[in-house]
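Chemist: To convert, count from 1 in the sequence shown and add 5; that's this note's numbering. Pasting a structure here, questions to come.
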Amino acid sequence: RLRRRGRGDLKVLVDVMVPTRLTAEQRELLERFESTSGEETYNGGGGSFFDRLRGVFR
6 RLRRRGRGDL KVLVDVMVPT RLTAEQRELL ERFESTSGEE TYNGGGGSFF
56 DRLRGVFR
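Now the structure itself:
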C-alpha cells in the first residue's frame, strides 16, 4: 500500500559501492570472509555485456 493510509510497504534506497582496486591484503580478507559466510556468491554473469551479447549470436 504505497502512499496509502495504514500499514503497508516500505520503500528502501540502497547505495552499493563496489571497489575497483584492492590491495593484496584486502583481497585476501574478502576471500576469507566469503569462505566463512556459507552463502553462494555471484560471479558477474560470465563476462562483459558484449561477451554475453556475442554469445547470443553464436
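Ideal Cβ placement from N, Cα and C applies to all residues, glycine included. Quick caveat, the model's predicted, so the values are computed rather than measured.
For residue 36, collect the residues of the same chain with a Cβ closer than 6 Å to its Cβ; drop the 5 residues on either side in sequence, then sort them by chain order.
Modeler: There are no such residues.
Chemist: Where are the alpha helix (DSSP H) runs, 4 residues long or more, that stay fully inside the region 20 to 49, in chain order?
Modeler: DSSP runs (the alpha helix (DSSP H)) wholly in the region 20 to 49: 29 to 42.
Chemist: DSSP on residue 61, reduced to helix/strand/coil?
Modeler: Note: residue 61 maps to helix in three-state DSSP.
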